[in-house]
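The structure appears below as structure tokens.
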Amino acid sequence: MTYIREPTYEVSYFFRRILLPFDGSAASTRALKIALDFAKRYGSKVTAFVVNDNSLNIDIVRKKLESEALSAGIDIGIKVVDLDRSSQSTATKIIEEAIEGNYDLIIVAARGRTVSEEIAIGSTALSVIVNVPISVLLVR
445 MTYIREPTYE
455 VSYFFRRILL
465 PFDGSAASTR
475 ALKIALDFAK
485 RYGSKVTAFV
495 VNDNSLNIDI
505 VRKKLESEAL
515 SAGIDIGIKV
525 VDLDRSSQST
535 ATKIIEEAIE
545 GNYDLIIVAA
555 RGRTVSEEIA
565 IGSTALSVIV
575 NVPISVLLVR
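Take the position in the sequence shown, starting the count at 1, then add 444; the result is the number in the numbering used here.
What follows is the structure, given as structure tokens:
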């Protein structure tokens, strides 16, 4: 008979603060559910990060976040920032927030509001993965 050790939940020490880029898409909602599960299981603090590029209805996005969090029984932070497309990108905003906010993990959807099913990973997710200095969990 083999001995099975008690779980230690070392994950809770590595991923205390989670950044969740959220755009209201189905893929980002799947990422939200995973982030909420991390919060529930490991006590992580989740901050939903919404980059307002003037194509989103912020009230609807905020209600969706609050509804999912409420049904999971988890409090999350919601941070909304405006984007000036002439000089900034969504990925840059996410990377800046990850660094300045001292997050431990980013949980990001592979594709956001991209229409084409042929694209396996979007440019924002790819840019974040390549350039951010912290761990990234990519949700497909």
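Ideal placement from N, C-alpha and C gives every residue a C-beta, glycine not left out.
Since this is a predicted model, take the numbers as computed values, not measurements.
ask   = Since R461 sits in a beta bridge, which residues does DSSP pair it with?
value = K489
query = Cα separation between F466 and I538?
reply = 10 Å
ask   = For the stretch 547-555 against the stretch 507-526, are there 3 or more C-beta pairs whose distance is under 8 Å?
value = no
Cβ separation of L534 and T568, assumed to be a contact under 8 Å, to the nearest whole Å = Looking at the sequence itself, residue 534 is Thr, so the reference to Leu does not match. Indeed they touch by this definition, with Cβ atoms about 5 Å apart.
key: Endpoints, the beta strand (DSSP E) within which L582 is located   = S579 to V583
inquiry  = Restricting to Cα atoms, I'd like to know which of L476, T473, A542 and S488 is closest to V455.
reply    = S488
message = Can you give me the C-alpha to C-alpha distance between A479 and N498, rounded to a whole angstrom?
response = 25 Å
Range of the contiguous beta strand (DSSP E) that encloses V524 = G521 to D526
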